[in-house]
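Only one structure is covered here, and it is reproduced in the block below.
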Amino acid sequence: MTVNMTKGQQISLQKSDGGTLTAVRMGLGWQAAPRRGLFGKRTQEIDLDASAVLFADKEPTDVVFFQHLVSNDGSVRHTGDNRVGGAGQGGDDESILVDLQRVPVHVNQIVFTVNSFTGQTFGEVQNAFCRLVDETNGQELARYTLTGGGPHTAQIMAKVERSGAGWSMTAIGTPANGRTFQDLLPAIASAL
Amino acid sequence: MTAELVRGQNHPLRETRLEITVSAATPVLSGSTAGETLRLDPQDACVHRFPVELDAVPASEERVSVVLALPPGVRFGAVAAPYVAVLGAGSGAELASFTIDGLGDESALVALEFYRRQGAWKVRAVGQGYAGGLPELLRDLGLKPEPEPKPDPAPSAAQPVAGDASGWSMEERLYNQVWGMFEDLARTIAGYRSAVGFAESRLDQELDRALSDPRTRVGPAAEAARDQAMARHTDLVDQARAALDRDLAQLTAEAEVVEPALPPAYAGWDSPVWHGYSVPEEPSMAVRVGELHLPEQPALRIPMLVRLPLERGLWVDSAQDRRRGQDVAVALAARLMASYPVGAYALQVIDPSGSASAALAPLVGSGVLREPPATGAAGVTTVLSRLTERVDLVHMALRAGAPDALPPDLDPAEQLLIVNDFPYGFDDRAITQLRYLADEGPSAGVHLLLIADREDAHEYGPVLDPLWRSLLRLTAVPDDHMADPWVGHAWTYEPLLPPHGSQVLPLVLRQIAAARQAYGS
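Have a look at this one:
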């Protein structure tokens with residue numbers, strides 16, 4: 092069951108069998124810019140970057156992005172920077188894995204963001220999406236379509252936060268502008 | 017017409033497309049075997065029906081057996097006798113049947129057997145039971161039981177196993193596992209420290225807030241606010257500690273199975289593997305140069321494994337304890353020698369003042385060190401010039417693309433140069449040569465092991481800084497100067513020395529010397 096999430100929608104990360112999720116993956120996929128003829132190499136590449144910021148109360152404690160691929164505690168891992176995108180067939184081009192059981196006890200929110208490092212707005216990027224997957228069985232929990240997202244270069248996607256003994260996820264979908272996650276911190280702060 | 021068979025009786029068959037019916041009082045597994053193929057009815061049930069196509073049996077196979085097996089812990093003697101019937105699949109007529117009685121402790125049996133006789137198939141009532149159950153039965157029929165699919169163990173309850181990492185060999189798997197444990201410990205401690213640090217800063221903030229608010233500055237309100245802040249702090253720290261303890265318990269359990277499985281080059285001197293040491297036929301992939309631990313769990317020590325051949329020289333910092341520094345260096349040299357096959361590693365020593373002769377005695381006495389330690393300025397010059405020339409020759413040969421064109425008298429072994437009391441006895445030229453060896457030696461098979469107190473070289477000023485930086489600093493006494501590559505914690509490095517009174521070092525050196533003699537080298 093995939094939820095096509097809308098802004099502000101909240102889902103609890105409970106499995107259908109009642110167990111809580113132990114590992115989630117945020118996947119980001121987009122279509123590489125089409126090459127044009129002979130001078131294809133001059134075609135602008137599109138580089139979207141997925142980041143995850145870990146918060147303890149409203150204070151950022153760690154961040155996972157293309158220059159820091161693993162959170163210091165090892166619970167959040169970025170599988171590596173993709174700077175050109177894929178075929179746009181639905182495969183993830185960048186992924187961030189979160190081992191929810193290993194997240195340090197003081198971290199109570201993890202915010203996922205997407206930036207356009209090369210500056211194209213989401214209005215110009217083809218077939219871009221972001222999704223949250225239950226990593227233990229590959230089931231898609233939620234999906235966001237970025238394409239046609241308007242004249243902004245970043246988006247605060249979603250946050251995963253502790254609720255009770257487990258975790259819940261909230262779709263945020265706030266547009267923002269910025270090249271890397273640092274530019275987004277004010278926008279993120281308002282979403283906490 | 018049904019033929020009621022008794023044990024051992026046979027009966028001709030009119031049809032070859034058969035259906036077998038097995039009835040038992042309790043659920044059983046049943047199926048047929050032909051040659052090396054076992055076909056089991058997927059569920060265990062009281063009644064089974066399955067087809068046997070005798071025409072489809074390869075000509076090479078002489079017989080097909082019908083087998084039954086009880087679940088573990090049940091035996092045929094305790095249940096009603098099972099009954100097997102053979103029906104013609106076309107006619108539906110019962111051709112033969114057999115009640116298998118007279119069984120006791122057996123938990124598996126061969127009920128019937130179809131066999132070829134003069135171009136036709138016959139059935140025989142066998143009724144052979146096996147007390148050892150299905151495995152014994154299958155062995156008897158010349159079959160191996162298929163491994164049963166095991167349910168996935170819960171990840172949290174997973175028992176640690178030595179070699180549980182990727183790699184082409186056990187040695188590589190253990191190397192990766194040790195580094196994996198190193199990373200896991202670094203990260204779990206990082207999570208713990210981050211949580212505790214956060215709890216502390218939150219406590220400070222909350223106390224400040226309580227003080228700055230006139231309503232909660234004094235009196236019972238102040239106390240309540242303070243108590244609440246403290247309780248929140250304690251609660252978070254306790255949670256962090258619980259998470260840490262869980263991880264530490266897991267890593268400790270892993271260390272307990274990994275340590276005894278380590279080969280000599282990876283193992284501590286107190287490991288029993290050293291007592292069974294023999295010179296290896298292949299160079300080791302890595303060598304243990306010490307142990308690392310963090311203050312949160314000093315008992316959990318991670319072996320510090322360094323890849324071989326060494327990519328950078330080693331510096332045993334003897335500032336704290338000169339003699340101990342020499343002992344650490346000698347034990348390291350012995351360990352390096354022991355990690356290579358006969359003739360693949362050679363040792364040279366510069367001891368300008370002769371101050372390390374007591375520490376070097378095991379190397380000299382065993383004959384592992386072929387030439388006596390070089391002494392005086394002349395000794396320094398001779399050894400350094402020889403090794404510098406060697407590095408030059410190897411580099412020239414490599415650059416020329418002719419690595420085979422080295423002079424025949426050049427020792428092909430990797431060279432480890434121990435320098436004691438650096439820079440005593442070194443002139444400017446010798447210093448330059450040593451720096452050259454530190455930079456260019458590793459790629460030409462020349463490695464440095466310096467025993468030095470940096471203070472002794474202070475008059476050289478910053479000239480030697482690149483040299484110190486290029487060497488891996490190991491200390492003679494435990495010291496928290498080692499940083500991990502992931503989070504950058506300050507780890508306490510502890511050097512490796514044989515346990516007090518242990519004879520393991522002379523024993524290993526004797527083995528090396530004896531192996532050399534046996535090879536006539």
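Keeping their order, the protein sequence lines are chains H and B. The C-terminal residue of the first sequence carries number 283 in my numbering, and the numbering is unbroken. The C-terminal residue of the second sequence carries number 537 in my numbering, and the numbering is unbroken. Note that the Cβ used here is the ideal one computed from N, Cα and C, for glycine as well. Predicted model only: the values in this text are computed from it and were never measured.
Chain-ordered neighbours of residue i on chain H, where CB pairs are closer than 7 Å
{"i": "R538 of chain B", "result": "The question about residue 538 of chain B has no answer, for chain B in this structure spans 17 to 537."}
{"i": "Q313 of chain B", "result": "Simply none; closest approach about 16 Å."}
Span of the alpha helix (DSSP H), counted from its first residue to its last, around residue i
{"i": "E77 of chain B", "result": "No alpha helix (DSSP H) contains E77 of chain B, which DSSP labels as neither H nor E."}
{"i": "Q449 of chain B", "result": "444 to 456"}
{"i": "Q519 of chain B", "result": "Careful: Q519 of chain B lies outside any alpha helix (DSSP H) and carries neither H nor E."}
{"i": "N192 of chain B", "result": "186 to 228"}
{"i": "S186 of chain H", "result": "Element bounds for S186 of chain H: not the alpha helix (DSSP H) but the beta strand (DSSP E), 185 to 190."}
{"i": "S486 of chain B", "result": "481 to 486"}
{"i": "D156 of chain B", "result": "149 to 156"}
{"i": "S373 of chain B", "result": "373 to 382"}
{"i": "L8 of chain B", "result": "Since the first and last residues shown for chain B are 17 and 537, residue 8 of chain B lies out of range."}
{"i": "I246 of chain B", "result": "In the sequence as presented, Ile is not what sits at residue 246 of chain B; that position holds Met. Element bounds for M246 of chain B: 235 to 277."}
Within-8 Å CB hit, residue i to chain H
{"i": "V503 of chain B", "result": "yes"}
{"i": "A173 of chain B", "result": "Annotation note: pLDDT 48 at A173 of chain B (below 50); position unreliable, coordinate value reported separately. It does not; no Cβ of chain H falls within 8 Å."}
{"i": "F442 of chain B", "result": "no"}
{"i": "D200 of chain B", "result": "yes"}
{"i": "P169 of chain B", "result": "Note that P169 of chain B scores 40 on pLDDT, short of 50, meaning its location in the model is unreliable and no value can be drawn from it."}
{"i": "Q255 of chain B", "result": "yes"}
{"i": "A259 of chain B", "result": "yes"}
{"i": "A215 of chain B", "result": "yes"}
Neighbouring residues, chain B, relative to residue i (Cβ below 8 Å)
{"i": "N163 of chain H", "result": "R203, A206, G207, S210, W502, V503"}
Partner residues on chain H for residue i, Cβ-Cβ distance less than 8 Å
{"i": "L7 of chain B", "result": "With chain B represented from 17 up to 537, any question about residue 7 of chain B goes unanswered, as that position is not in the structure."}
{"i": "A245 of chain B", "result": "Going along chain H, no residue has its Cβ under 8 Å from A245 of chain B, so there is no contact; the nearest lies around 13 Å."}
{"i": "F438 of chain B", "result": "Correct list: empty, because the minimum Cβ distance to chain H is about 37 Å."}
Residue i, enclosing beta strand (DSSP E) - first and last residue
{"i": "R538 of chain B", "result": "With chain B covering 17 to 537 only, the question about residue 538 of chain B has no answer from this structure."}
{"i": "H27 of chain B", "result": "26 to 28"}
{"i": "A112 of chain B", "result": "110 to 115"}
{"i": "L348 of chain B", "result": "Segment 338 to 354 is the alpha helix (DSSP H) holding L348 of chain B; no beta strand (DSSP E) there."}
{"i": "I137 of chain H", "result": "Note, I137 of chain H: premise wrong, no beta strand (DSSP E); not H, not E."}
{"i": "P67 of chain B", "result": "61 to 69"}
{"i": "D427 of chain B", "result": "That residue, D427 of chain B, is in no beta strand (DSSP E); it is neither H nor E in DSSP."}
{"i": "G118 of chain H", "result": "114 to 120"}
{"i": "Y99 of chain B", "result": "99 to 104"}
Contact set between residue i and chain H, taken where Cβ atoms lie within less than 9 Å
{"i": "R218 of chain B", "result": "A147, D148, E150, H197"}
{"i": "A335 of chain B", "result": "Those do not exist, as A335 of chain B stays about 32 Å from chain H at its closest Cβ, beyond 9 Å."}
Neighbour flag for residue i against chain B, beta carbons, 8 Å
{"i": "I279 of chain H", "result": "no"}
Within-8 Å CB hit, residue i to chain D
{"i": "G517 of chain B", "result": "As a matter of chain content, chain D is missing from the structure shown, whose protein chains are H and B."}
Q | Touch test, the stretch 240 to 248 of chain B against the stretch 214 to 222 of chain B, Cβ-Cβ under 8 Å, three pairs minimum | A | With the cut-off at 8 Å, the stretch 240 to 248 of chain B and the stretch 214 to 222 of chain B touch.
Q) Does the stretch 468 to 488 of chain B touch the stretch 280 to 290 of chain B, meaning 3 or more C-beta pairs lie closer than 8 Å? A) With a cut-off of 8 Å on Cβ pairs, the stretch 280 to 290 of chain B is not in contact with the stretch 468 to 488 of chain B, counting fewer than three such pairs.
Q. Quick one: any contact between the stretch 83 to 101 of chain B and the stretch 38 to 49 of chain B, if contact means 3 or more CB pairs under 8 Å?
A. As far as the Cβ criterion goes, the stretch 83 to 101 of chain B touches the stretch 38 to 49 of chain B, which means the pair count is three or higher.
Q.
For the stretch 164 to 174 of chain H against the stretch 135 to 155 of chain H, do three or more pairs of beta-carbon atoms, one drawn from each stretch, fall closer than 8 Å, so that the two count as touching?
A. As far as the Cβ criterion goes, the stretch 164 to 174 of chain H touches the stretch 135 to 155 of chain H, which means the pair count is three or higher.
**Q.** Inter-stretch contact (C-beta, 8 Å, three-pair minimum) for the stretch 411 to 425 of chain B and the stretch 470 to 479 of chain B
**A.** Touching, no, given that fewer than three Cβ pairs across the two stretches are closer than 8 Å.
Q: Would you check if there are 3 or more beta carbon pairs closer than 8 Å linking the stretch 50 to 58 of chain B to the stretch 263 to 277 of chain H?
A: No, they do not touch.
Q) At a cut of 8 Å, does the stretch 286 to 300 of chain B reach the stretch 217 to 228 of chain H through at least three beta carbon pairs? A) Taking 8 Å as the limit for Cβ pairs, the verdict is that the stretch 217 to 228 of chain H does not touch the stretch 286 to 300 of chain B.
Q: Entirely within the stretch 198 to 273 of chain H and at least 4 residues each: give me those alpha helix (DSSP H) ranges in chain order.
A: Counting whole runs of 4 or more residues, the stretch 198 to 273 of chain H contains no alpha helix (DSSP H) stretch at all.
Q: State whether the stretch 327 to 346 of chain B contacts the stretch 491 to 509 of chain B, with contact taken as three or more CB pairs (one from each stretch) at a distance under 8 Å.
A: In short, these stretches touch, since the Cβ pair count reaches three.
(Q) Below 8 Å, how does it come out for the stretch 107 to 115 of chain B and the stretch 265 to 273 of chain H: are there three or more Cβ pairs, yes or no? (A) With contact defined as three or more Cβ pairs closer than 8 Å, the stretch 107 to 115 of chain B and the stretch 265 to 273 of chain H are not in contact.
Q) Would you call the stretch 324 to 337 of chain B and the stretch 196 to 208 of chain B in contact, with 3 or more CB pairs under 8 Å? A) Using a Cβ-Cβ distance cut-off of 8 Å, the stretch 324 to 337 of chain B and the stretch 196 to 208 of chain B are not in contact, since fewer than three pairs of beta carbons, one from each stretch, lie closer than that value.
Q. Touching or not, the stretch 68 to 86 of chain B and the stretch 243 to 252 of chain H, by the rule of three or more beta carbon pairs under 8 Å?
A. No, the stretch 68 to 86 of chain B does not touch the stretch 243 to 252 of chain H.
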